[in-house]
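Trainee:
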Amino acid sequence: MSSPSVRSLQSWAYRYKRTWRGSAVSSVLQPVLFLAAMGLGLGSLVKRGHTSALGGVSYLVFLAPALLAAAAMQTAAMESSWPVMAAVKWLQTYDAMLATPLRVRDLLAGHLTWIGLRVLMVCSIFLVVMALFGAIQSPEALLLIPAGLLTGMAFAAPIAAYAVTLERDSGLTALFRFGVIPMFLFSGTFFPVSQLPPALRVVAYVTPLWHGVELCRDLALGRASFLASLGHVAYLGVWFVGGCLLALTTYRRRLVK
Numbered sequence: 002m003s004s005p006s007v008r009s010l011q012s013w014a015y016r017y018k019r020t021w022r023g024s025a026v027s028s029v030l031q032p033v034l035f036l037a038a039m040g041l042g043l044g045s046l047v048k049r050g051h052t053s054a055l056g057g058v059s060y061l062v063f064l065a066p067a068l069l070a071a072a073a074m075q076t077a078a079m080e081s082s083w084p085v086m087a088a089v090k091w092l093q094t095y096d097a098m099l100a101t102p103l104r105v106r107d108l109l110a111g112h113l114t115w116i117g118l119r120v121l122m123v124c125s126i127f128l129v130v131m132a133l134f135g136a137i138q139s140p141e142a143l144l145l146i147p148a149g150l151l152t153g154m155a156f157a158a159p160i161a162a163y164a165v166t167l168e169r170d171s172g173l174t175a176l177f178r179f180g181v182i183p184m185f186l187f188s189g190t191f192f193p194v195s196q197l198p199p200a201l202r203v204v205a206y207v208t209p210l211w212h213g214v215e216l217c218r219d220l221a222l223g224r225a226s227f228l229a230s231l232g233h234v235a236y237l238g239v240w241f242v243g244g245c246l247l248a249l250t251t252y253r254r255r256l257v258k
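Going by our numbering, the sequence shown opens with residue 2, and the numbers climb by one from there.
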């Protein structure tokens, strides 16, 4: 007999069966288009003799692992925002689950596990596309999949904790407009954070995405050090664990009547 959290996971997987084709296509097209347009197109403007700020590698190789981390963030953010609000307010999916023997922690664990599986799918496809573009420099690049997963979950848990408290989706729009999109642009994905003004640099250093980008980039380039990687993993882990604890509190406050 499956555990309660597994039954919660199965319910999300069942819903995904109706949309998996479109999701799979977009999961392939996104890295192809980004790497072609930004890595090859824009990257062709970066002169080979002027790549010292990029660690001496081509712009494509510099960009690709960071885009994987950013894709993990975006996937996790999308899966833990509007679907959570829909489940608690519009579709009342959570209420239907709680009418069964499932407890709040079961449905939360199942939903976060499902989000983790979605992030794994995206990261795995992205890594294959990176290989096809010749953007992998080290066997350590295989570790991009768990690194991307951790990056995504560092966002999924806190965002779910926030989304479940909302009455209107304007709060989610603001989250993406003032949180997710600026992080995507200024956390080291497209250029080194060292190029930012000092004040913005400090802000970038405390974002989870910067740690995910640095971890993925170091692994892809084969230059990861144990202490630096451990620091990035620990920081992302704190966001995930803290987000889970906060989500358990906000879920119970919203769903237990």
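In this text, a Cβ means the ideal position worked out from N, Cα and C, and glycines have one as well.
Exposed or buried, residue 199, counting other C-beta atoms within 10 Å across all chains shown (16 or more means buried)?
Mentor: Against the sequence shown, residue 199 aligns to sequence position 198. With fewer than 16 Cβ atoms within 10 Å of its Cβ, residue 199 is classed as exposed.
Trainee: Thinking C-beta only, is residue 102 closer than 8 Å to residue 72?
Mentor: As a position in the sequence shown, residue 72 is number 71, starting the count at 1. As a position in the sequence shown, residue 102 is number 101, starting the count at 1. No, they are not a contact pair.
Trainee: Taking the alpha helix (DSSP H) that residue 84 falls in, what are its first and last residues?
Mentor: For the purposes of this step, residue 84 is identified with residue 83 of the sequence shown, where counting begins at 1. From DSSP, the alpha helix (DSSP H) with residue 84 extends over 83–86.
Trainee: Do you know how far the Cα of residue 197 is from the Cα of residue 220?
Mentor: The residue you call residue 220 lines up with position 219 of the sequence shown. The residue you call residue 197 lines up with position 196 of the sequence shown. So the two alpha carbons sit approximately 23 Å from each other.
Trainee: If you compare alpha carbons, which of 30, 24, 223 and 244 is closest to residue 140?
Mentor: Looking up residue 140 in the sequence shown gives position 139. Per the Cα distances, 223.
Trainee: For residue 36 versus residue 192, is the C-beta spacing smaller than 8 Å?
Mentor: On the sequence shown, residue 36 is found 35 positions in, with the first residue counted as 1. On the sequence shown, residue 192 is found 191 positions in, with the first residue counted as 1. Contact flag unset, no.
Trainee: Using the C-alpha atoms, what's the distance from residue 77 back to residue 175?
Mentor: As a working mapping, residue 175 is identified with position 174 in the sequence shown. As a working mapping, residue 77 is identified with position 76 in the sequence shown. Taking the straight line joining both Cα atoms gives about 17 Å.
Trainee: For residue 254 and residue 27, I'd like the C-alpha separation in whole angstroms.
Mentor: For the purposes of this step, residue 254 is taken as residue 253 along the sequence shown, with counting starting at 1. For the purposes of this step, residue 27 is taken as residue 26 along the sequence shown, with counting starting at 1. Their Cα atoms are separated by approximately 36 Å.
Trainee: Just list the alpha helix (DSSP H) runs in the region 181–228, keeping only unbroken ones of 4 residues or longer that don't cross its boundaries, in chain order.
Mentor: Qualifying alpha helix (DSSP H) stretches, in chain order: 182–187, 199–206 and 209–222.
Trainee: With three or more C-beta pairs closer than 8 Å as the rule, is the region 115–133 touching the region 204–215?
Mentor: At 8 Å Cβ cutoff, the stretches do not touch.
Trainee: Can at least three beta-carbon pairs, one atom from the region 238–255 and one from the region 154–161, be found at a separation below 8 Å?
Mentor: In short, these stretches touch, since the Cβ pair count reaches three.
Trainee: Under a three-way DSSP split, which group does residue 168 fall into?
Mentor: Here residue 168 refers to the residue found at position 167 when the sequence shown is read from its first residue. If DSSP states are grouped into helix, strand and coil, residue 168 belongs with coil.
Trainee: Since residue 85 contacts residue 165 with CB under 8 Å, what's their CB separation in whole angstroms?
Mentor: For the purposes of this step, residue 85 is taken as the residue at position 84 of the sequence shown. For the purposes of this step, residue 165 is taken as the residue at position 164 of the sequence shown. Yes, residue 85 and residue 165 are in contact; Cβ-Cβ is about 6 Å, under 8 Å.
Trainee: Go ahead and label residue 208 buried or exposed: buried means 16 or more other beta carbons lie within 10 angstroms of its beta carbon, across all protein chains shown.
Mentor: Reading the sequence shown from its first residue, position 207 is the one you call residue 208. Its Cβ being crowded by 16 or more others within 10 Å, residue 208 is buried.
Trainee: Taking only runs of the alpha helix (DSSP H) that begin and end inside the region 76–157, which ones reach a length of at least 4 residues, in chain order?
Mentor: If we require 4 residues or more, the alpha helix (DSSP H) runs fully inside the region 76–157 come out as 83–86, 94–99 and 105–133.
Trainee: If you follow the alpha helix (DSSP H) that residue 7 is in, where does it begin and where does it stop?
Mentor: As a first step, residue 7 is located in the sequence shown; it is residue number 6 there, counting from the start. Its alpha helix (DSSP H) spans residues 5–17.
Trainee: Just to confirm my understanding: we take residue 110, look at its own chain, exclude 5 residues before and 5 after, and list those with CB closer than 6 Å. What are they?
Mentor: For the purposes of this step, residue 110 is taken as the residue at position 109 of the sequence shown. The answer, listed in chain order, is 6.
Trainee: Report buried or exposed for residue 15, applying the criterion of at least 16 other Cβ atoms within 10 angstroms of its Cβ.
Mentor: Reading the sequence shown from its first residue, position 14 is the one you call residue 15. By the neighbour-count rule (16 or more Cβ atoms within 10 Å), residue 15 is not buried but exposed.
Trainee: Under 8 Å by Cβ, that's how I've got residue 214 and residue 188 pegged, so tell me the actual separation to the nearest angstrom.
Mentor: Position 213 of the sequence shown, counted from the start, is the residue given in the question as residue 214. Position 187 of the sequence shown, counted from the start, is the residue given in the question as residue 188. At roughly 6 Å, the Cβ-Cβ gap stays under 8 Å, so residue 214 and residue 188 are in contact.
Trainee: Of the residues 107, 162, 127 and 190, which one's Cα is nearest the Cα of residue 64?
Mentor: Indexing the sequence shown from 1 puts residue 64 at position 63. Ranking the options by Cα distance to residue 64, first place goes to 190.
Trainee: Let me know the secondary structure DSSP gives residue 59 once reduced to three states.
Mentor: Taking the first residue of the sequence shown as 1, we reach residue 59 at position 58. In the structure shown, residue 59 sits in coil (DSSP, three-state: anything other than H, G, I, E or B).
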